[in-house]
Amino acid sequence: MLVEIFLSTVLALVWVGLTGDVSLPAFVKGLILGVIIIHIFGKRTLKVLDLNIRHYWPLVQLVFIFMYELLVANLTVLVKVFSPRLNIKPGIIKVPIEVEGPFWITTLANMITLTPGTLTVEVSPDNKFFYVHCLNIDNEESIVSDIKDTFEKKIQEVYKP
Amino acid sequence: MSLLQTLFGEATVNPFLQNLRILPVFLDIAMVICSFNLLSFLYRVIKGPAMADRAIAMDSCGVTVMSLIVIYSIRQGTSLYMSCAMVIAVLGFIGMVGLSKYIQGGNIVASGNIVLNREEAEDLQNLQDPKVTEELQKKAAEARQKAAANYIPTARHQRKNRKRHHKK
Amino acid sequence: MALFIEILISLLVFFGAIFLLGGAVGILRFPDVYCRMHALGKGTTMGIICFMLAAFIYFCWSGVGVCIMSLLALVFISVSAPIGSHMIAKAAYHYGIPLWQNSLRDDLKPDCEFISEDKADF
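See below:
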């Protein structure tokens, strides 16, 4: 029930944004359309996002951690790009992951892509490993521990009951 | 009156922006930087050694045009251009996915192996070239079997097959 | 207050342009596709986020109206850009575009054949 309310509110906000008409009738119209759309198409999404109410707080935390890491990533890339001598040691390393489910694996891959110096290239067929391209593979342990400690723990906090 | 406005002479002037001092200067700087970005992406599109270079450069061209649109809409003081930016974002993403599928296998809808293209496999098998080794032929045969299993005849192919039967 | 908002918008626009410039210089300087993707994926995402926030604040401030579409474009770009760069990197690797000659290691190479065969019937 909670998920349906949340998703239909999001869809109503999207409707208001896309039509560019910020008023209460437009919001109600979008809400009705959202409820209809969720009842027709939303079974898979509902199954993925069917969370307890106390799991929404880690989700919000995840978003903020993500924004912070994105900012740090951009600053490090800027420093690397504008430094006069190109000191990069690129390479592809194999990172074991413990997250389950296609939605959360995609989320983790996106977050790794937007963090400093890492880019997901491929997922192993049994969904146990990421192949991550790094700009500097000198400190491999720190990269792996960074991924494990910040993102994976938070994502597991979100979806584990 | 900012620099670009005097140079090119815009049609309408945003009255709200005319009262400001700092923002027009920064908008000009951002526009100049974005044009430089477009030039450098264009260089990579022309020069780029691999196809993937060209693909990512084209995608970034889309993003840069989006940011130019945003700057222009701030200058003009109307939010009507934002829908253009949204459309460019959506189309850029779809184009990027299509291009990546194209680079990967030649098949845009079905993902898969490097040699899963049906015509390519047939060509490989029909070649009587000594350069084509046994291994490649085996691979092509496997690919052909896989493709035949997934093959759904379209109307055009059905017509072709019918003609062949008539000739026999 | 007005001066503060104006400076905030100016800084957002300026830093958005600088992040985009970082992506552009990165694509000119870095040696191979994968390194270029690092610069581009992050730089363009952050640049667009800055520009869209600037546009949103400016339209709210100048009385044009609340432009939620800019926030929607922000969310869409920040979700879709990493997916796009991930797909291009994967496609480039399976197409056989080599890593830079000075790359230190490549853990994907021994497993690559295995992966492409296993995912053929996806």
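Chains E, F and S are the protein sequences, given in the same order.
With my numbering, the residue at position 26 of the first sequence is 28, and numbering never jumps.
With my numbering, the residue at position 1 of the second sequence is -5, and numbering never jumps.
With my numbering, the residue at position 63 of the third sequence is 180, and numbering never jumps.
Cβ atoms here follow ideal geometry from the backbone N, Cα and C, with glycine treated the same way.
Contact with chain S by F:R48, beta-carbon distance below 8 Å: Chain S, which has no Cβ nearer than 8 Å to the Cβ of F:R48, makes this no.
Residues of the segment 144 to 164 of chain S whose Cβ lies closer than 7 Å to any Cβ of chain A, in chain order: Looking at the structure shown, chain A is missing, and the protein chains on hand are E, F and S.
Given 7 Å as the limit, tell me if E:T21 has its C-beta closer than that to any heavy atom belonging to the ligand MG. This structure lacks the ligand MG, and indeed carries no ligand of any kind.
For E:N138, tell me which candidate among E:I99, E:F132, E:P118 has the shortest Cα-Cα distance. The residue with the shortest Cα to Cα distance from E:N138 is E:P118.
Secondary structure at E:T1, three-state DSSP: helix, strand or coil? For chain E, the structure presents residues 3 to 163; residue 1 of chain E sits outside this window and is missing.
Could I get the ranges of all uninterrupted alpha helix (DSSP H) runs contained in the segment 140 to 199 of chain S, with 4 residues as the minimum, in chain order? Counting whole runs of 4 or more residues, the segment 140 to 199 of chain S contains the alpha helix (DSSP H) stretches 150 to 179.
List in chain order: all unbroken alpha helix (DSSP H) runs of 4+ residues lying wholly within the segment 67 to 132 of chain E. Within the segment 67 to 132 of chain E, the runs of alpha helix (DSSP H) that reach at least 4 residues and sit entirely inside it are, in chain order, 104 to 115.
Does chain E have any CB closer than 8 Å to the CB of S:L191? So no, S:L191 is outside the interface.
Please state the DSSP three-state secondary structure of F:S105. Reliability fails at F:S105, whose pLDDT of 43 lies under 50, so the model's placement of it is uncertain and the value that follows must be treated cautiously. For F:S105, the secondary structure class from DSSP, reduced to helix, strand or coil, is coil.
Return no unless some Cβ of chain S is closer than 8 Å to the Cβ of F:N111. Residue placement at F:N111 cannot be trusted, given a pLDDT of 48 that sits under 50; what the coordinates show is reported in the next sentence. No - not a single Cβ of chain S is within 8 Å of the one on F:N111.
Just to confirm the assignment, what range does the alpha helix (DSSP H) spanning E:K155 have? That run of the alpha helix (DSSP H) goes 155 to 161.
Using a C-beta cutoff of 8 Å, does S:F121 count as contacting chain F? False, the Cβ-Cβ gap to chain F never drops below 8 Å.
If you run the structure through DSSP and keep just helix, strand and coil, what is F:V91? Assigned with DSSP and collapsed to three states, F:V91 falls in helix.
By alpha-carbon positions, which one of F:L62, F:L11, F:T72 ends up nearest to S:V183? Residue F:T72 is the option with its Cα nearest to S:V183.
E:T21 - containing alpha helix (DSSP H), residue span: Counting along the chain, E:T21 sits inside the alpha helix (DSSP H) bounded by residues 4 to 21.
Short of 7 Å in beta carbon distance, which residues of its chain neighbour E:I149, apart from the five on each side in sequence? Order them along the chain. Excluding positions up to five away in sequence, the list reads V97, I114.
Count the other CB atoms within 10 Å of the CB of E:C136; is the residue buried (16 or more) or exposed (fewer)? Looking at its Cβ environment, which holds 16 or more other Cβ atoms inside 10 Å, E:C136 is buried.
Start and end of the alpha helix (DSSP H) containing S:D223? Per DSSP, S:D223 belongs to no alpha helix (DSSP H) and is neither H nor E.
Please report whether the beta-carbon of E:E124 lies at a distance below 8 Å from any beta-carbon of chain S. True, the Cβ-Cβ gap to chain S drops below 8 Å.
Can you find the residues in the same chain that come closer than 7 Å, C-beta to C-beta, to E:E102, ignoring five residues on each side of it along the sequence? Taken in chain order, the list of residues that qualify is empty.
Reduced DSSP secondary structure (H/G/I, E/B, other) of E:V134: DSSP, read as helix, strand or coil, puts E:V134 in strand.
Nearest by alpha-carbon distance to F:L21: which of S:P215, S:N219, S:L129, S:T161 is it? The candidate whose alpha carbon is nearest that of F:L21 is S:L129.
In chain order, what residues of the same chain have a beta carbon less than 7 Å from the beta carbon of E:V24, not counting five sequence neighbours either side? Excluding residues within five positions, the ones whose Cβ falls inside 7 Å are V18.
Quick check: the segment 48 to 66 of chain F against the segment 142 to 159 of chain S, are there 3 or more CB pairs under 8 Å? For the pair of segments examined, the segment 48 to 66 of chain F was found to touch the segment 142 to 159 of chain S: the number of CB pairs separated by less than 8 Å reaches three.
Can you tell me the Cβ-Cβ gap for E:K91 and E:D128, rounded? I've got them flagged as a contact below 8 Å. With 8 Å as the limit, E:K91 and E:D128 do not qualify as a contact, their Cβ atoms being about 29 Å apart.
Neighbouring residues, chain S, relative to E:I149 (Cβ below 9 Å): Within chain S, no residue has its beta carbon less than 9 Å from that of E:I149; the closest one is some 15 Å off.
Going by C-alpha distance, which of S:D149, S:F193, S:V181, S:G164 is nearest S:N219? Comparing C-alpha distances from S:N219 to each of S:D149, S:F193, S:V181, S:G164 shows the shortest one belongs to S:D149.
Between which residues of its own chain and F:V64 is the CB-CB distance below 7 Å, once the five residues before and five after are set aside? Only A79 meet the Cβ criterion.
Assigned secondary structure, F:T72 (DSSP; H/G/I helix, E/B strand, else coil): Coil at F:T72, not helix or strand.
Euclidean distance between Cα positions of E:T109 and S:I200: Between the alpha carbons of E:T109 and S:I200 lies a gap of roughly 10 Å.
Going along chain F, which residues have a C-beta under 7 Å from S:S220? The contact set of S:S220 on chain F, defined by CB atoms closer than 7 Å, is empty, because the minimum CB distance reaches about 15 Å.
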